[in-house]
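Enquirer:
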Amino acid sequence: MIRFIAQRILWTFVVLLFLSLITFGLMHAVPGGPFDREKTLPPETIKVLNEKYHLDDPLWKQYVDYLVGVLVPRVNDNPPTSLTDSYLINIPLWGDTEFHWMNFGPSYRSRSRTVNDIIREQLPISFQLGVLSIIMSLIIGMPLGVIAALKQNTVWDYLGMSVAIFGVSVPVIAMGPVLVWIFGVALKWLPPAGWGSKPPYLMFFVPRQLGWDYWRYTILPVFALGVSHAAIIARLTRASLLQVIREDYIRTARSKGLTERIVVTRHALRNALIPVITVLGPMFAAIVTGTFVAEQIFGIPGLGKYFITSITNRDYPVIMGTTLLYGMMLLLANLMVDISYAWLDPRIRYD
Amino acid sequence: MAEKETIAIPARRKSGSLWGDAVYRLSRNRAAIMGGVLIILLILTAVFARFIAPYTYEEQDLKSNSAVAQWELSIFPMMEPYANITDKYALGADNLGRDILSRLIYGAQISLSVAFIGPVVALLVGTVYGLISGFFGKNVDNIMMRFVDLMYAIPTMLLIILMMAFFRGSFNLSEPGSFAWWMNEIDKRFGGMLFIFIGIGLTAWMGTARLARGQVLSLREQEFVLAARAVGSTNGRIIFRHILPNILGPLIITVTLAIPGYISTEAFLSFIGLGVNAPTPSWGSMIAEGSTAIRSYPHQAILPAIALSITMFAFNFLGDGLRDALDPRLRGT
């Protein structure tokens, strides 16, 4: 098991390195630079800017410098010498000495902010949105699937599966504007845009105030993002439970005289939920990309918007930083899914 | 396999081939038939868009920008005070004075073509890749599958977004006469569709490759392959005549079920501005444009959203039906 986990972590690292190489390569393969504006800057200015951001270095050196900046941790007590000397993770150790890790570099577009600032302010919001959507899809999806399976071929089953096919077929881009219009504009029950939390956060992303002022902003985007995944989970839970419930060990449990409730919760559900866990990895990826759209439709100041605009703006460090961060989150999610899968189902032997 | 199928079929019908049975089962599935009919209608709309659409997708009438049809006021009465009412356009006009109905009709072209290109690439490339990898095994398999693993581990959406940004940025500025320049010319001619096809195609094949390989690995060791080899069949004949027909069913199911994903990927790309080039309409870009004006002109975003959802419904119904028909054991999954 430990060997398996170590292997997976190593593999995750290889993939991240590959991803950074692809991103860096594609980024620099596109002609033109971050300082091409509609009004052309004088060549001297561009030269100075290129020098300042080391864009005149050979490509391999830029890449290596970037990786060193992100990967190598530093421990020092000097105050930052320049704006670009900032790190995403700063842990005070003793006195003035601090542990610094992950310098994602400056942003070429917003001069007063570094990529670290952008990540620090925007990522928690995207993260809240994603986590709430996953929770919602699990809370709705699993009971729906269980009810549909236990009452197979009844009205409940058909109703549940109709809801599920609706959820699968209506993507966030389609549901978002409709929800905004109905609940935000026409009925005025919920705000059509915005987000209700501000830094500082507890534990990096948990907002300090969780009142109605926070929740009313979350309902629409979380519903739009969560419902399609709730549908996927419901369908999968139903199928998996239907299969498990016909197994011999369920008959054994029944013949022992256990109540139906215990048979379902202790024996059937536990085994039926294993396949459901496998989709959580891809689902997490889909929800993360879904946040790009949801943030745009619901006017949420999250990281997704920065990711999209940085690509059109050729803001190299922002592209690299956000891509790597998203890649890291998705790969970590997959890693956790793989590990929990191996842990839950001892029949699976990895070597 | 074939014997088992014939038992499952009611006696009132003469049992046919495996595919015949599948078609029969599909024809008994009402939702799938509904989806199929809808898809055929959508295909006809896309193919004959030029004849059906009352206007072209780029024709502007600046006097009627954001115009609203009379009937739309009864659904969205809040538009009454400021609406620019028109009877020229059945569904109103967008903020540039272009007919929404015509743009919706032309928008079907891009969604439908993605719905066909995606699975075709996934099936062709993925199957061949998986067949080769699984059949030859050993080092070939190892190298080919490590590559798939690496590509598969990278989040698809990030990869597509990066590639689209690369295509849009670099091919535009390439030297006339070069390969990239020709690609860009073709892309322009198709309103930006080519690069979407390439972007989706480059990421679509990996799942099928894995599936095909897994199937081949289990089939390769079976007696009928040994028998074929014993009578002197070549590798090519074994792969295409004996193994391929056996793995085609699950592959078709997978790629059909993936179609709604391709459609929403395209809509997503166009939504964030990396998809089709303006003024080519895509439902995704129409939703993006419309959702900026959702407070004053909700129909501009909601109509393309409905069109997109209906198409996704149709493909989901057909995909589910096809899965039930081709592999009855998977019913309801």
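In order, the protein sequences belong to chains A and B. So the mapping is simple: our numbering equals the position in the first sequence, first residue as 1, plus 54. So the mapping is simple: our numbering equals the position in the second sequence, first residue as 1, plus 34. Virtual Cβ for every residue (Gly too), placed ideally from N, Cα, C.
1) Return yes when the Cβ of Gly-307 of chain B is within less than 8 Å of the Cβ of Val-250 of chain B, no when it is not.
2) Apart from the five residues on each side of it in sequence, which residues of its chain come closer than 6 Å, Cβ to Cβ, to Gln-61 of chain A?
3) Should Phe-305 of chain B be flagged as near chain A, meaning a C-beta pair shorter than 8 Å?
4) Is Ala-156 of chain B near Ala-246 of chain B, with beta carbons less than 8 Å apart?
5) Report the rounded CA-to-CA distance for Met-227 of chain B versus Pro-336 of chain A, giving the unit in angstroms.
6) Rounded to the nearest angstrom, what separates Ile-179 of chain A and Ile-173 of chain A at their Cα positions?
7) Please work out which residues of its chain come closer than 8 Å, Cβ to Cβ, to Gly-238 of chain A, disregarding the five sequence neighbours upstream and downstream, and give them in chain order.
8) Under 7 Å Cβ-Cβ, which residues of chain B neighbour Trp-235 of chain A?
9) Helix, strand or coil: how does DSSP classify Met-35 of chain B here?
10) For Asn-157 of chain A, report the span of its beta strand (DSSP E) as first-last.
11) Can you name, in chain order, every residue of its own chain whose Cβ lies under 6 Å from the Cβ of Asp-95 of chain B, other than the five neighbours on each side?
12) Check the DSSP bridge columns for Ile-145 of chain A and list the partner residues they point to.
13) Going by CA-CA distance only, name the one from A:Val-185, A:Gly-199, A:Ile-76 and A:Asn-170 that's closest to Asn-157 of chain A.
14) Is Ala-149 of chain B helix, strand or coil when you go by DSSP?
15) Measuring alpha carbon to alpha carbon, tell me which residue in B:Asp-358, B:Gly-309, B:Glu-323 and B:Arg-223 is nearest Pro-231 of chain A.
16) With 7 Å as the C-beta to C-beta threshold (strictly closer), list the residues of the region 207-226 of chain A near chain B in chain order.
17) Suppose you measure from the CA of Trp-53 of chain B to the CA of Leu-360 of chain B; what does that come to, to the nearest Å?
18) Would you mind reading off the limits of the beta strand (DSSP E) that contains Val-347 of chain A?
19) What do you get for Ile-177 of chain B, buried or exposed, if any count of 16 or more other CB atoms within 10 angstroms of its CB means buried?
20) Starting from Ile-119 of chain B, trace the beta strand (DSSP E) both ways and give me its first and last residue.
21) With 16 other CB atoms within 10 Å as the buried threshold, where does Tyr-107 of chain A fall?
22) I want to verify the contact list: residues of chain B whose CB lies under 8 Å from the CB of Leu-80 of chain A, in sequence order.
23) I need the straight-line Cα distance from Ile-232 of chain B to Glu-300 of chain B, nearest angstrom please.
24) Check whether the Cβ atoms of Phe-32 of chain B and Gly-318 of chain B lie closer than 8 Å to each other.
25) Under a three-way DSSP split, which group does Asn-388 of chain A fall into?
26) Determine, for Phe-181 of chain A, whether the minimum Cβ-Cβ distance to residues of chain B falls below 8 Å.
27) Does chain A have any CB closer than 8 Å to the CB of Arg-357 of chain B?
28) Tell me whether Thr-319 of chain A sits in a helix, a strand or coil according to DSSP, three-state version.
29) With which residues is Asn-367 of chain A paired in a DSSP beta bridge?
30) For the pair the region 135-150 of chain B and the region 70-85 of chain B, tell me if three or more CB-CB distances fall below 8 Å.
31) Mark Asn-144 of chain A as exposed unless 16 or more other C-beta atoms lie within 10 angstroms of its C-beta, in which case mark it buried.
32) Under 8 Å between beta-carbons, which chain B residues line up against Val-84 of chain A? List them in chain order, please.
33) Thr-168 of chain A bridges to which residues according to DSSP?
34) Cα separation between Tyr-141 of chain A and Leu-378 of chain A?
35) Between which two residues does the beta strand (DSSP E) harbouring Val-129 of chain A extend?
36) Buried or exposed for Glu-255 of chain B, please, with buried defined as at least 16 other CB atoms from any protein chain shown within 10 angstroms of its CB.
Expert: Judging by the given coordinates:
1) no
2) none
3) yes
4) no
5) 26 Å
6) 10 Å
7) Leu-244, Pro-245, Pro-246, Ala-247 and Leu-274
8) Ile-328, Pro-332 and Ile-336
9) For Met-35 of chain B, the predicted structure reports a pLDDT of 40, less than 50, and the residue's modelled location is therefore unreliable. A value from the coordinates is still provided. The answer is coil: DSSP assigns Met-35 of chain B none of H, G, I, E or B.
10) That residue, Asn-157 of chain A, is in no beta strand (DSSP E); it is neither H nor E in DSSP.
11) Gly-131
12) A:Phe-153
13) A:Asn-170
14) helix
15) B:Glu-323
16) Ile-219, Val-222, Ser-223, Val-224 and Pro-225
17) 8 Å
18) No beta strand (DSSP E) contains Val-347 of chain A, which is instead part of the alpha helix (DSSP H) from 324-351.
19) exposed
20) 118-120
21) buried
22) Leu-196, Met-197, Ala-199 and Phe-200
23) 12 Å
24) No statement about residue 32 of chain B is possible, as the shown extent of chain B runs from 35 to 367 and does not include it.
25) helix
26) no
27) no
28) helix
29) BP columns for Asn-367 of chain A are empty, so no partner.
30) yes
31) exposed
32) Ala-199, Phe-200, Gly-203 and Ser-204
33) A:Pro-160
34) 15 Å
35) 128-130
36) exposed
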